[in-house]
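Just so you know, the sequences run in chain order A and B. Per the numbering used here, residue 1 is the first one in the first sequence, and the count goes up by one each step. Per the numbering used here, residue 191 is the first one in the second sequence, and the count goes up by one each step. Here's the structure, in structure tokens; my notes come after.
There are 2 protein chains.
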Amino acid sequence: MGISERKTRERGERERRIVVAARTIAERDGWASVTIRRLAEEIEYSQPVIYSHFENRDQIVGAVALEGFGELAAMLRAAIRPSSTSKERVEDVAAAYLDFAFARPAMYEAMFILPTGLRFARSDTPAQLRDGFGAMATVIAPFSKDVDTATETFWAALHGLAELERHGRIRPAFRAQRITLIMQMVSGQL
Amino acid sequence: MGISERKTRERGERERRIVVAARTIAERDGWASVTIRRLAEEIEYSQPVIYSHFENRDQIVGAVALEGFGELAAMLRAAIRPSSTSKERVEDVAAAYLDFAFARPAMYEAMFILPTGLRFARSDTPAQLRDGFGAMATVIAPFSKDVDTATETFWAALHGLAELERHGRIRPAFRAQRITLIMQMVSGQL
DNA sequence: TACGTAATCTAGCGTCGCTAGTTTGTCAAC
DNA sequence: GTTGACAAACTAGCGACGCTAGATTACGTA
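This is the structure:
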């Protein structure tokens, strides 16, 4: 009988609609506007139905963030062109990272600022969470013996640049120069 | 007549008590526990009194954050020892910055994560907000022609390290190695 | 057709930020 | 000393939040 399969499928589709609604509202009106009541209205079910899909609001943010990590990883990988030099690759990945952060501020917030219940560096950590790191590690590898530490530092530098610029605390006009300095850290020379 | 002076003074003291209470509660129970109701109870006045001192909750967070910027600046300046080499100074300031972030997570959150209504890079920007940057610029200056950009990048790297480690996304055990890499960025050689 | 379970809903609890409207306190003029 | 005006502080409550207990409806199975 395909009945229970249909139910499972419909349930999955409804969950998707919740996540899509959360993301859409967040990107248009900010995360403060993503309320359980509003999501329930959006999917045309009552509020408790939301809680049959997610334990709490944070987990909904987490579901959106997980999508974001997948998309960030894809963007970083896409930025790596085979024809580039090793240095250009690092530069391109850095630029792609910041582009992502500024083009999708709500998504970036879900991924790095808001509580999400996501667990990093564990055995059950989803692939999306590892993949972005992997993309960065790929371009960092040629420059470092301790790739993990170098990648962590590279990532941190990019994250800091994204956050401080997003909050208006460093000058947007000098973004390229700052990336150049990051390059210097990675490559060990200018 | 000293009556109005007394009133002004008492009003100022009450405002201090609000800020101190907010900070104390935040450091003990997190910012979510800092509610207007709780602050009112703490200072033994009704809730509207809080709003005669601050426009809204964000401004209270901002007042605490402002204190934090002053204290961070002081800690960074204290980390600069006259006997150190230029490189050691950068290293000491970096370590002091991260120490601050990890020792006072609630304060760091108020300063860099939460909405505060504070305005940076403006004519009316308070001295505290500029001073931490100044301390970093002091130790960066010997290594760079464009001190502002280099300091921004240094600051961003430290902020990123603090945030990613605070959220458990990079390995605490490798903090020193990451600082070494930041040094490399600053000094242009290992 | 009757039943038991699963799915969904209504209604509401406790809490939040914030504020309208009222009461209380204080000081100056008569 | 009484009265009136203004400032200070209070009570009470609005609308919204996350979340949930308990009632109701829909539906596959016997």
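By construction, the Cβ of each residue, glycine as well, lies at the ideal position given by its N, Cα and C atoms.
Which listed residue (the options) has its alpha carbon closest to that of residue i
| i | options | result |
| --- | --- | --- |
| Ile-25 (chain A) | A:Arg-14, A:Arg-119, A:Val-64 | A:Val-64 |
| Leu-158 (chain A) | A:Pro-48, A:Phe-102, A:Ala-127 | A:Phe-102 |
| Trp-31 (chain A) | A:Met-75, A:Pro-115, A:Pro-126 | A:Pro-115 |
| Met-265 (chain B) | B:Val-337, B:Ala-285, B:Ile-369 | B:Ala-285 |
| Asp-450 (chain B) | B:Arg-267, B:Pro-238, B:Thr-225 | In the structure as shown, chain B begins at 191 and stops at 380. Residue 450 (chain B) is therefore absent and cannot be evaluated. |
| Lys-145 (chain A) | A:Asn-56, A:Arg-38, A:Ser-187 | A:Ser-187 |
| His-167 (chain A) | B:Ala-366, B:Asp-219, B:Phe-310, B:Gly-202 | B:Phe-310 |
| Arg-227 (chain A) | B:Glu-200, B:Asn-246, B:Asp-338 | The shown model of chain A, from 1 to 190, leaves out residue 227 (chain A), and the question about it has no answer. |
| Phe-290 (chain B) | B:Arg-201, B:Ser-274, B:Pro-272, B:Ala-268 | B:Ala-268 |
| Arg-201 (chain B) | B:Arg-228, B:Arg-227, B:Ser-242 | B:Ser-242 |
| Gly-252 (chain B) | B:Ala-363, B:Glu-355, B:Thr-315, B:Pro-362 | B:Thr-315 |
| Arg-227 (chain B) | B:Arg-312, B:Glu-217, B:Pro-238, B:Arg-218 | B:Pro-238 |
Proximity of residue i and residue j at Cβ, strictly below 8 Å
| i | j | result |
| --- | --- | --- |
| Leu-72 (chain A) | Leu-118 (chain A) | no |
| Leu-371 (chain B) | Leu-288 (chain B) | no |
| Ser-276 (chain B) | Phe-333 (chain B) | yes |
| Ile-208 (chain B) | Ile-250 (chain B) | yes |
| Ala-230 (chain B) | Ser-223 (chain B) | no |
| Ala-211 (chain B) | Ile-233 (chain B) | yes |
| Met-301 (chain B) | Phe-259 (chain B) | yes |
| Ala-340 (chain B) | Ile-330 (chain B) | yes |
| Arg-178 (chain A) | Glu-353 (chain B) | no |
| Ala-113 (chain A) | Ile-303 (chain B) | Before going on, a small fix: residue 113 (chain A) reads as Ile here, not Ala. Cβ distance < 8 Å, so Ile-113 (chain A) and Ile-303 (chain B) count as in contact. |
| Met-375 (chain B) | Gln-128 (chain A) | no |
Residue span of the alpha helix (DSSP H) that contains residue i, given as start and end
| i | result |
| --- | --- |
| Ala-222 (chain B) | Counting along the chain, Ala-222 (chain B) falls outside any alpha helix (DSSP H), and DSSP gives it neither H nor E. |
| Thr-328 (chain B) | 317-330 |
| Tyr-241 (chain B) | 237-243 |
| Thr-151 (chain A) | 147-166 |
| Leu-66 (chain A) | 57-79 |
| Ser-377 (chain B) | 365-377 |
| Glu-91 (chain A) | 86-103 |
Interface partners of residue i on chain B, CB under 8 Å
| i | result |
| --- | --- |
| Ala-101 (chain A) | Those within 8 Å of Ala-101 (chain A) in chain B number zero; the least Cβ separation is about 11 Å. |
| Ile-113 (chain A) | Ile-303 |
| Asp-29 (chain A) | Near Asp-29 (chain A) there are no residues of chain B at all, since even the closest Cβ is about 15 Å away, more than 8 Å. |
| Asp-124 (chain A) | Under the 8 Å cutoff, chain B gives no residues; its nearest Cβ is about 14 Å from Asp-124 (chain A). |
Contacts that residue i makes with chain B (C-beta to C-beta distance below 9 Å)
| i | result |
| --- | --- |
| Ala-74 (chain A) | Within 9 Å Cβ-Cβ: nothing; Ala-74 (chain A) doesn't reach chain B, min ~19 Å. |
| Asp-58 (chain A) | Under the 9 Å cutoff, chain B gives no residues; its nearest Cβ is about 12 Å from Asp-58 (chain A). |
Beta-carbon neighbours of residue i, restricted to chain B and to distances below 7 Å
| i | result |
| --- | --- |
| Glu-13 (chain A) | None at all; the shortest Cβ gap to chain B is about 32 Å. |
| Ala-150 (chain A) | Leu-371 |
| Thr-153 (chain A) | Arg-368, Leu-371, Ile-372 |
| Met-26 (chain A) | Correcting the residue identity first, residue 26 (chain A) is Ala in this sequence and not Met. Chain B residues near Ala-26 (chain A): none, gap ~16 Å exceeds 7 Å. |
Chain-ordered chain A contacts of residue i [CB-CB under 7 Å]
| i | result |
| --- | --- |
| Phe-259 (chain B) | None at all; the shortest Cβ gap to chain A is about 11 Å. |
| Ala-349 (chain B) | The residue asked about is misnamed: residue 349 (chain B) is His in this sequence, not Ala. Within 7 Å Cβ-Cβ: Gly-160, Glu-163, Leu-164. |
| Phe-333 (chain B) | By Cβ distance, chain A contributes nothing, its closest Cβ being about 10 Å from Phe-333 (chain B), past 7 Å. |
| Ala-327 (chain B) | Those do not exist, as Ala-327 (chain B) stays about 13 Å from chain A at its closest Cβ, beyond 7 Å. |
Any non-hydrogen atom of the ligand HEM closer than 7 Å to residue i Cβ
| i | result |
| --- | --- |
| Ile-303 (chain B) | Judged by which ligands are present, the structure shown has none, so any question about the ligand HEM falls away. |
Partner residues on chain A for residue i, Cβ-Cβ distance less than 8 Å
| i | result |
| --- | --- |
| Ala-311 (chain B) | Gly-168, Arg-169, Arg-171 |
| Ala-268 (chain B) | Residues of chain A passing the Cβ test: none, with the nearest at roughly 23 Å. |
Interface residues of chain A facing residue i [CB-CB closer than 9 Å]
| i | result |
| --- | --- |
| Asp-321 (chain B) | What Asp-321 (chain B) touches in chain A: nothing, since even the nearest Cβ is about 14 Å away. |
| Ala-284 (chain B) | Under the 9 Å cutoff, chain A gives no residues; its nearest Cβ is about 12 Å from Ala-284 (chain B). |
| Ala-253 (chain B) | By Cβ distance, chain A contributes nothing, its closest Cβ being about 18 Å from Ala-253 (chain B), past 9 Å. |
*Flag this pair as touching only if the stretch 290-300 of chain B and the stretch 272-282 of chain B have three or more C-beta atom pairs under 8 Å; answer yes or no.*
no
Segment contact, 8 Å Cβ cut-off, at least three pairs: the stretch 130-143 of chain A with the stretch 319-334 of chain B:
no
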